[in-house]
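In terms of the numbering used here, the sequence shown is residues 297 to 452.
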Amino acid sequence: MGIKSFLVDPIGVLENWDEASPDPCSWSMVTCSADGQVIGLGAPSQGLSGVLAPSIGNLTNIQTVLLQDNNISGNIPSEIGKLSKLHNLDLSNNNFSGQIPTTFSHLKNLEFLRLTGNNLSGEIPASLANLTDLHLIDLSFNNLSGKVPIFPAQVF
């Protein structure tokens, strides 16, 4: 519920995210495992705006976050670095600003990172090059500066 309260949802895709219905597995845009753990949050191209709440870091079993092609703004929460099971993070084509959180270096299972088409600035954290499972990283169309870390060839 904390995530919803920070987002503006003009078409009501998160309407059934209701405290009266405490089972998030019944909510739209949420994927759960067979044992009822939230493992996916996917709301691409839904017209969402507002900010991504730091409480996203509480979804410790999540493997996929797909929020691309919305209008979410503000900083990317550093708490995403707590999502140790995360494989796929797509926040592309939003309006995120600030720096790429250095806590992303904790995402040892991350395979796909897409942050293209935002207003991110600053340097690319060198520690991202140490994510050995990373197959794809797309940071294009931002305002990043500084030295680009050396990534393994299969990442591009």
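Quick reminder that beta carbons are idealized off the backbone N, C-alpha and C, glycines included.
Pairwise C-alpha distance: residue j and residue i
i           : j           : result
residue 357 : residue 318 : 17 Å
residue 380 : residue 400 : 10 Å
residue 327 : residue 385 : 15 Å
residue 377 : residue 364 : 18 Å
residue 338 : residue 366 : 11 Å
residue 397 : residue 390 : 16 Å
residue 346 : residue 413 : 17 Å
residue 392 : residue 425 : 22 Å
residue 409 : residue 430 : 8 Å
residue 394 : residue 418 : 7 Å
Reference residue i, options the options, closest by Cα
i           : options               : result
residue 301 : 344, 330, 322 and 340 : 344
residue 387 : 402, 404 and 415      : 415
residue 349 : 303, 361 and 320      : 303
Enclosing beta strand (DSSP E) for residue i [first to last residue]
i           : result
residue 394 : 391 to 394
residue 299 : Looking at the DSSP string, residue 299 is not in any beta strand (DSSP E); the run it does join, the alpha helix (DSSP H), is 298 to 301.
Whether or not the region 298 to 313 and the region 328 to 335 are in contact is what I'm after, with contact meaning three or more pairs of Cβ atoms, one per stretch, closer than 8 Å; do they touch? No: the two stretches stay apart, fewer than three of their Cβ pairs being nearer than 8 Å.
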